[in-house]
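By our numbering, the letter at position 168 of the sequence shown is numbered 195, and the numbering carries on one by one without gaps.
Inspection log for the structure reproduced underneath, given as structure tokens.
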Amino acid sequence: MRAVTSAWSRIWRPLRQAWPDECYAGGKTLVGIEQNDEQVSAVFDDGSRVDGDLLVGADGLHSTVRPQFLAGLVPRYVGYVAWRGVVEADALSAELGALMLHRMVFGFPDGELMLSIPMPAPRGEDKRACHFVWFRPGSQSALAALCTDANGKRHGVSIPPPLIRPELIAALKQDAAARLAPQLATLVNATAQIILQPIFELESPRVAFGRVALVGDAAFVARPHVATGVMKAAVDAESLADALAGSGGDVAAALGRYDHERQPYRAALVTRGRHIGAYFAERGGDRRQRIETLMREYGAAGLVHDQTIRARFPHLPHPAV
Numbered sequence: 028m029r030a031v032t033s034a035w036s037r038i039w040r041p042l043r044q045a046w047p048d049e050c051y052a053g054g055k056t057l058v059g060i061e062q063n064d065e066q067v068s069a070v071f072d073d074g075s076r077v078d079g080d081l082l083v084g085a086d087g088l089h090s091t092v093r094p095q096f097l098a099g100l101v102p103r104y105v106g107y108v109a110w111r112g113v114v115e116a117d118a119l120s121a122e123l124g125a126l127m128l129h130r131m132v133f134g135f136p137d138g139e140l141m142l143s144i145p146m147p148a149p150r151g152e153d154k155r156a157c158h159f160v161w162f163r164p165g166s167q168s169a170l171a172a173l174c175t176d177a178n179g180k181r182h183g184v185s186i187p188p189p190l191i192r193p194e195l196i197a198a199l200k201q202d203a204a205a206r207l208a209p210q211l212a213t214l215v216n217a218t219a220q221i222i223l224q225p226i227f228e229l230e231s232p233r234v235a236f237g238r239v240a241l242v243g244d245a246a247f248v249a250r251p252h253v254a255t256g257v258m259k260a261a262v263d264a265e266s267l268a269d270a271l272a273g274s275g276g277d278v279a280a281a282l283g284r285y286d287h288e289r290q291p292y293r294a295a296l297v298t299r300g301r302h303i304g305a306y307f308a309e310r311g312g313d314r315r316q317r318i319e320t321l322m323r324e325y326g327a328a329g330l331v332h333d334q335t336i337r338a339r340f341p342h343l344p345h346p347a348v
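If you want it as structure tokens, here you go:
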């Protein structure tokens, strides 16, 4: 199926360059939010504060904005992790590059899923690369062990890539040789920096709180199998902007409309991600049929071709967009 892929840096960089430096402050941690009928204020750990008409929490899965209003809501670990890596064209033979740099490639070890996705080189040169994702099961206790560095320090539910213990990477490469097709095993061995991503789900009962709105992964997180995280965040932003533009200056009313419009779509994505994830984790039954179904439904294209989803959300893009 036709598709267009990109690298996250190619989306983030032009957005950051369009934002004036004097309006960008890094190195601060949000510790509190105060609001009334007239304004909202963000309070930071260095004692500073910023006042405005609207506060947008676009701060991801482990949002610091969301707990200010939904203290008991935490992301749910779904029982498997993704090992990820980017492989540059120069690291592949010409024959393997002709396959991996132009096609999405699937592998199906029992109870697992491996896929490779072509993409532009992250640094912006006119070159290609591919991004592999290997989904593997792991208990909550196993996750804690994966997120413990060589000095015994536990990093919670994630770990900076350079701190992943060398023996874990070595074991992963051994498993790749034993469980994956040689073409896919080559990707694991050719990656300069392997990344660990535990997989979570999150559904927020509300995404608007007076003058505060949650967007993107701060609001909802579907498993990555639906491949719509960036699109979801972009449509969140578009929906929020449209609601504000038509509100006549009533921010609270605009956010109420935004909340009402976006909740059904987010819930559908979470449900679909859970549905797809069950296919590769399932054992027994007609394995070939299960694999064919997963390949047909995987990613945003599967979402677009689902007529039930399209009937509810006609604004979804065509797979080639």
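For every residue, glycine included, the Cβ atom is placed at its ideal position computed from N, Cα and C.
Take the alpha-carbon of D313 and the one of L173: they are about 32 Å apart.
Bridge pairing for L199: absent [DSSP]. Judged by DSSP in its simplified three-state form, H129 adopts coil rather than helix or strand. Judged by beta-carbon spacing, A260 lies within the 8 Å limit of G243, meaning their Cβ atoms are closer than that value. Between the region 72-90 and the region 125-143 there are fewer than three inter-stretch CB-CB distances shorter than 8 Å, so the stretches are not counted as touching.
L223 places its beta carbon less than 8 Å from that of I186. Here DSSP, grouped into helix, strand and coil, assigns P187 to coil. Residue range 222-230 is occupied by the beta strand (DSSP E) that includes L229.
Residue D72 holds the alpha-carbon nearest to the alpha-carbon of K55 among E115, A198, V108, D72. Measuring C-alpha to C-alpha distances from E115 to each of L42, S143, V108 identifies S143 as the nearest. R289 sits buried, since 16 or more C-beta atoms from the chains shown fall within 10 Å of its C-beta. A245 is a Cβ neighbour of G84, given a cutoff of 8 Å.
In this model, R155 and R103 are separated by some 35 Å (Cα to Cα). When the Cα atoms are used, G283 and A264 turn out to be separated by approximately 14 Å. Across the set V160, D153, D117, the C-alpha of V160 shows the shortest separation from the C-alpha of F135.
The criterion of a C-beta distance shorter than 8 Å is not satisfied by I60 and A52. Judged by their CB atoms, V67 and V248 are not nearer to each other than the 8 Å cut-off. In the structure shown, the three-state DSSP call for H158 is strand. According to DSSP, M322 shares a beta bridge with no other residue.
For I318, the closest of S120, G106, A280, G138 by C-alpha to C-alpha distance is G138. Per DSSP, the unbroken alpha helix (DSSP H) holding D286 starts and ends at 278-308.
Your pair L229 and L88 checks out as a contact, with CB atoms roughly 7 Å apart and the cut at 8 Å. For the options A279, M146, R299, F133, the alpha carbon positioned closest to that of R37 is the one of M146. Looking from the CA of K200, the closest CA among G165, Q62, T213, A169 belongs to T213.
Out of V184, H287, I226, V262, the CA that lies nearest to the CA of A235 is found in H287. Scanning its chain for C-beta atoms nearer than 7 Å, with the 5 sequence neighbours on each side dropped, one finds around V297 the residues E228, E230, F247, A249, in chain order.
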